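Residue numbers (the working numbering): -6 to 79. Structure first, then comments.
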């Protein structure tokens, strides 16, 4: 079991996932959402970016990502194929 957290202030639990692959896909989905919000100028200042963590069932951070939307181009996945296991 994994938990996906957005650790920007205040930290909040976004979702959980049964596998690391699903957790990575959920983080990617959140980054896509933040990108879309930045393009639409919804959601405030994005210069500092968004901080995400994938945590194990004990709450230990296994992976961290800071995502800063680049609104000058289309969204590109933050999860590389090697992490997906493709």
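For every residue, glycine included, the Cβ atom is placed at its ideal position computed from N, Cα and C. Predicted model only: the values in this text are computed from it and were never measured.
Between the Cα of residue i and those of the options, spot the shortest distance and give me the residue it belongs to.
i, options, result
"residue 58", "50, 27 and 20", "20"
"residue -4", "43, 69 and 51", "51"
"residue 2", "54, 10, 28 and 44", "44"
"residue 65", "5, 32 and 4", "32"
"residue -6", "5, 14 and 4", "14"
"residue 70", "6, 4, 28 and 8", "28"
"residue 63", "25, 54 and 55", "25"
Between residue i and residue j, how many whole angstroms is the CB-CB distance? I'm expecting something under 8 Å.
i, j, result
"residue 72", "residue 18", "7 Å"
Leaving out five residues on either side along the sequence, give the residues of the same chain with a beta carbon under 6 Å from the beta carbon of residue i.
i, result
"residue 42", "59, 60 and 61"
If you drop the 5 nearest sequence neighbours on each side, which residues of the same chain put their C-beta closer than 7 Å to that of residue i?
i, result
"residue 11", "-6"
"residue 16", "-5, -3, 10 and 47"
Threshold first: 4 residues or longer. Then list the alpha helix (DSSP H) segments lying entirely within the stretch -5 to 60, N to C. 13 to 32
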